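Engineer: The structure that follows is given in the form of structure tokens.
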Amino acid sequence: MNLYPTLQPYIEKAQALPISEDRKAVLQVLIDYVQRKVDQNQEINLNFICTHNSRRSQFSQIWGKVAAAYHGIDINSYSGGVEVTAFNERAVASIKRFGFKVSKEGESNPKYFVFYSNDEDPIVTFSKVYDDAANALYGFAAVMTCSHADENCPFIPGAEVRIPVRYEDPKAFDDTDQEAEMYDTRSLQIASELLYVFSRIKR
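What follows is the structure, encoded as structure tokens:
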């Protein structure tokens with residue numbers, strides 16, 4: 008797959024980040040799920056879920072698709088929440104800084120088309136509930152990216168498995184001097200961990 012050249016330095020930076028043994032243990036559950044699907048030649052559907060589907064789950068949907076494609080693994084990457092807001096503009100700005108090309112359609116909860124390669128269709132992202140018709144409704148892993156959604160959604164209909172992979176919310180730094188830095192830090196962490204996950208898959 009030919010990634011945009013603008014993305015490559017960030018891929019390399021993400022791959023160079025250290026991942027603690029504790030964190031690798033968290034990620035192993037996701038690795039095992041994906042490996043089972045590969046071994047059984049089954050479709051891989053990942054739905055990254057966070058309360059507002061505005062920041063962490065959107066980063067995860069995007070990096071999940073890119074990380075899998077980078078390692079030659081075909082997945083369907085989705086995201087959702089427990090309520091509809093919008094893909095936060097600060098998070099959109101962050102992925103643009105990372106070299107993604109982004110087009111926008113609409114104003115109220117717009118759809119974003121995120122391009123990462125001339126060879127691949129764009130990733131379509133917008134804020135939605137986890138069981139929106141745009142997502143897989145059964146046969147998927149519910150990857151819980153925030154503690155609030157993980158603790159307040161004890162049951163995700165249609166999910167084969169529920170996998171907590173929680174991230175700190177960059178929202179805490181909104182409208183501060185550290186805003187851009189912290190959004191980029193979280194995006195890079197998510198990229199690093201999902202690249203690690205798919206690097207471990209044996210085909």
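Under my numbering, the letters of the sequence shown match residues 8 to 210, in that order. We treat Cβ as the ideally placed atom computed from N, Cα and C, and that holds for glycine. Computed from a predicted model, the values in this text were never measured in an experiment.
1) Less than 6 angstroms between C-beta atoms, sequence neighbours within five positions excluded: which residues of the same chain meet that for residue 42?
2) Output the distance between the C-alpha atoms of residue 120 and residue 55, rounded to the nearest integer angstrom.
3) If you compare alpha carbons, which of 86, 77, 172 is closest to residue 126?
4) If I follow the unbroken beta strand (DSSP E) through residue 87, where does it start and stop?
5) So what does DSSP say about residue 180, is it helix, strand or coil?
6) For residue 113, is the classification buried or exposed, using 16 other Cβ atoms within 10 angstroms of its Cβ as the cut-off for buried?
7) Where does residue 250 sit, in a helix, a strand or coil, going by DSSP?
8) Using only the alpha-carbon positions, how far apart do residue 149 and residue 169 sit?
9) What do you get for residue 174, buried or exposed, if any count of 16 or more other CB atoms within 10 angstroms of its CB means buried?
10) Out of 35, 146, 13, which one is the CA nearest neighbour of residue 53?
11) So, with DSSP's three-state summary, where would you put residue 103?
12) Can you tell me the Cα-Cα spacing of residue 11 and residue 18, whole angstroms?
13) Using C-beta distances below 7 angstroms, list every residue in its chain close to residue 180, excluding the 5 sequence neighbours before and after it, in chain order.
14) Given residue 57, which residues of its chain have a CB within under 7 angstroms of its CB, disregarding the five upstream and five downstream residues?
15) Ends of the alpha helix (DSSP H) at residue 66?
16) Count the other C-beta atoms from every protein chain shown that fall within 10 angstroms of the C-beta of residue 16, then say buried if there are 16 or more, exposed otherwise.
17) How about residue 91 and residue 118: do their beta carbons lie closer than 8 angstroms?
18) Thinking just about the alpha-carbon of each residue, which of 61, 21, 130 is nearest to the one in residue 199?
19) Nearest by alpha-carbon distance to residue 94: which of 80, 140, 105, 115 is it?
Structural biologist: Looking at the atomic coordinates:
1) 208
2) 17 angstroms
3) 77
4) 83-87
5) helix
6) exposed
7) Coverage of the chain is limited to positions 8 through 210, which leaves residue 250 absent and any answer about it impossible.
8) 5 angstroms
9) buried
10) 146
11) helix
12) 11 angstroms
13) 186, 189
14) 63, 64, 88, 152, 153, 156
15) 63-77
16) exposed
17) no
18) 21
19) 115
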